[in-house]
Amino acid sequence: MDAPPSPGSKAGVGNTVGLVLPGGGARAAYQVGALRAIAQLLPDSPNPFPVIVGTSAGAVSATVLATEAWRWQESVAKLEHVWSNFHVDQVFRADALSMVRSGFHWAASLGSGGVLAAPPRALFDNSPLRQLLEHHIHWDHLQVSLGTGALRALALCATGYASANSVAFFDGVQELQGWDRHQRLGTRTTLNLDHLMASMGVPFLFPPVLLGDEYFGDGAQRQLWPLSPAIHLGADRLLVIGVRAEAGAGVNARRRSTPRPPTLGQLFGYMLDTLFMDQIYANVEHIARLNQIVDLAPNAVPGMHKIATLMIAPSEDLRVLATQHVKSLPRALRALLRVMGARGTAGAQLASYLMFESTFTQALIDLGHRDAMAQRQQICDFLGGQQPERTIRMPVLREA
-17 MDAPPSPGSK
-7 AGVGNTVGLV
3 LPGGGARAAY
13 QVGALRAIAQ
23 LLPDSPNPFP
33 VIVGTSAGAV
43 SATVLATEAW
53 RWQESVAKLE
63 HVWSNFHVDQ
73 VFRADALSMV
83 RSGFHWAASL
93 GSGGVLAAPP
103 RALFDNSPLR
113 QLLEHHIHWD
123 HLQVSLGTGA
133 LRALALCATG
143 YASANSVAFF
153 DGVQELQGWD
163 RHQRLGTRTT
173 LNLDHLMASM
183 GVPFLFPPVL
193 LGDEYFGDGA
203 QRQLWPLSPA
213 IHLGADRLLV
223 IGVRAEAGAG
233 VNARRRSTPR
243 PPTLGQLFGY
253 MLDTLFMDQI
263 YANVEHIARL
273 NQIVDLAPNA
283 VPGMHKIATL
293 MIAPSEDLRV
303 LATQHVKSLP
313 RALRALLRVM
323 GARGTAGAQL
333 ASYLMFESTF
343 TQALIDLGHR
353 DAMAQRQQIC
363 DFLGGQQPER
373 TIRMPVLREA
């Protein structure tokens, strides 16, 4: 859906493009498909995204793209290779023994009030993911990307549990400065694997990470303005690759004649869905209003300028797609999902975030590629610096 154009469209839009990759667990494979399409549309182009911002699972792709920005086409191919061959055991331990141990730990801690066993840090052990990322990400290459001019900035977003701040940890060109807003900080630092693991620390599922003297978790938790880090880092045009269309966000995929109360598993999937995407859509709407102010009163607020936003998001309901691949999950994980009541299409909302299996991720990559190709002209114009007729463009869910 296209937002109505700003009245008069008086002010222009700059040409610095920022790529924003929100979280989404296994759904982030969709972003890889969209990136593959962009790489095909721009076969001879250097990195088209001087500013790259990632949160949670989106931070993984953001990091790979940024560290290898000086050879951008290769970085996209590398991402596709990894995501096309994913298995759950590369992300967290989901074998029967690990799941039983986790269950006993939780039971012992709850049953004894934490006396016989300390409270668990998380449901899953994601140490396999740390090992995978250590192998595939070369952090020293980030300085190569910055030094060659292929990149302006990379930001990884995390949430501080002590301060309740949403922090964008970034590294970039020398002139970039940090920022301090109400519970929103931009902190320049030398990025490393701990920042990335912290950004992916989904509460309850994965453990938090100690950075300095504070524990940090998933960056989407208090990220009320998820597009602001890219703007602070100098982006004028924001390409957002989401993991859910604006519609299709409820617990029930289809209306029932007799409503049923949601199960624990369905509610948890709903929570993740809200965590990763709702703020994105609200922030895009807010930017549309600010653009109107700039058109009506260009000098009303010093430093305010128009921001163009183009979003690529799934044209299909990923809950429905997930139901076709649930059997690919390890048996112990399927059992856990059944215990939590994550069944049917509504229950697949939770499963879709944990389904790091190649059959599902390949399907998401293909869908992301098709959806981006369907917007090929808009994407090429947007990245090519043309002045957009509408500064805000939003996709919608295709009805089944």
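Numbering-wise, the working numbering puts 199 at position 217 of the sequence shown, and it's gapless, one number per residue.
Idealized CB from N, CA, C, for every residue including glycine.
- Around the beta-carbon of Gln205, 16 or more other beta-carbon atoms lie within 10 Å, marking it buried.
- Between the segment 150 to 165 and the segment 127 to 138, the count of C-beta pairs closer than 8 Å reaches three or more; the two stretches touch.
- With contact defined as three or more Cβ pairs closer than 8 Å, the segment 55 to 71 and the segment 11 to 27 are in contact.
- The C-alpha of Ile347 is placed about 11 Å away from the C-alpha of Pro296.
- For the pair Asp162 and Val184, the CB atoms are not nearer than the 7 Å cut-off.
- Residues of the same chain with a CB within less than 6 Å of the CB of Gly160, apart from the 5 flanking positions on each side, are Gly168, Thr169, Arg170 in chain order.
- By the neighbour-count criterion, in which a residue is buried when 16 or more other Cβ atoms sit within 10 angstroms of its Cβ, Ser181 is buried.
- Assigned with DSSP and collapsed to three states, Trp52 falls in helix.
- For Met293, the enclosing beta strand (DSSP E) stretches over residues 290 to 294.
- The shortest C-alpha to C-alpha distance from Glu339 to any of Gly329, Ala324, Thr305, Gly367 is the one to Thr305.
- By the 16-neighbour rule on beta-carbons within 10 angstroms, Val321 is exposed.
- Going by DSSP, Asp363 is part of the alpha helix (DSSP H) stretching over 358 to 365.
- Distance from the Cα of Arg134 is smallest, within the candidate group Ala59, Trp65, Asp218, Asp77, for Asp218.
- DSSP places Thr141 within a strand segment (E or B) once states are collapsed to three.
- Around the beta carbon of Leu124, 16 or more other beta carbons sit within 10 angstroms, so the residue counts as buried.
- Residues of the same chain with a CB within less than 8 Å of the CB of Pro110, apart from the 5 flanking positions on each side, are Asp71, Gln72, Val73, Phe74, Arg75 in chain order.
- Inter-residue distance for Leu115 and Leu158 is about 27 Å (C-alpha atoms, whole angstroms).
- Annotated three-state conformation of Trp65 is helix, per DSSP.
- Under the three-state reduction of DSSP output, Ser148 falls in the strand class.
- For Asp299, no beta strand (DSSP E) run applies, since DSSP gives it neither H nor E.
- Collapsing the DSSP output to three states places Asp353 in a helix.
- The beta carbons of Ile289 and Ile275 sit no closer together than 7 Å.
- The Cβ atoms of Thr373 and Asn281 do not sit closer than 7 Å to each other.
- In this structure, DSSP gives Ile119 a state outside helix and strand, which the three-state scheme calls coil.
- Uninterrupted alpha helix (DSSP H) stretches at least 4 residues long and entirely within the segment 168 to 210 occur at 175 to 181, given in chain order.
- Beyond the five residues adjoining it in sequence on each side, Ala11 comes within less than 7 Å, by CB distance, of Trp65, Thr343, Leu346, Ile347 in the same chain, given in chain order.
- Of the residues assessed, His120 falls on the exposed side of the cut-off, its CB having fewer than 16 other CB atoms within 10 angstroms.
- With respect to Phe188, Asn108 sits close: the two C-beta atoms are nearer than 7 Å.
- When the Cα atoms are used, Arg112 and Asp122 turn out to be separated by approximately 17 Å.
- Take Gln165, set aside five residues on each side of it, and the residues of its chain with a beta-carbon closer than 7 Å to its own are Ala146, Asn147, Ser148, Arg204, in chain order.
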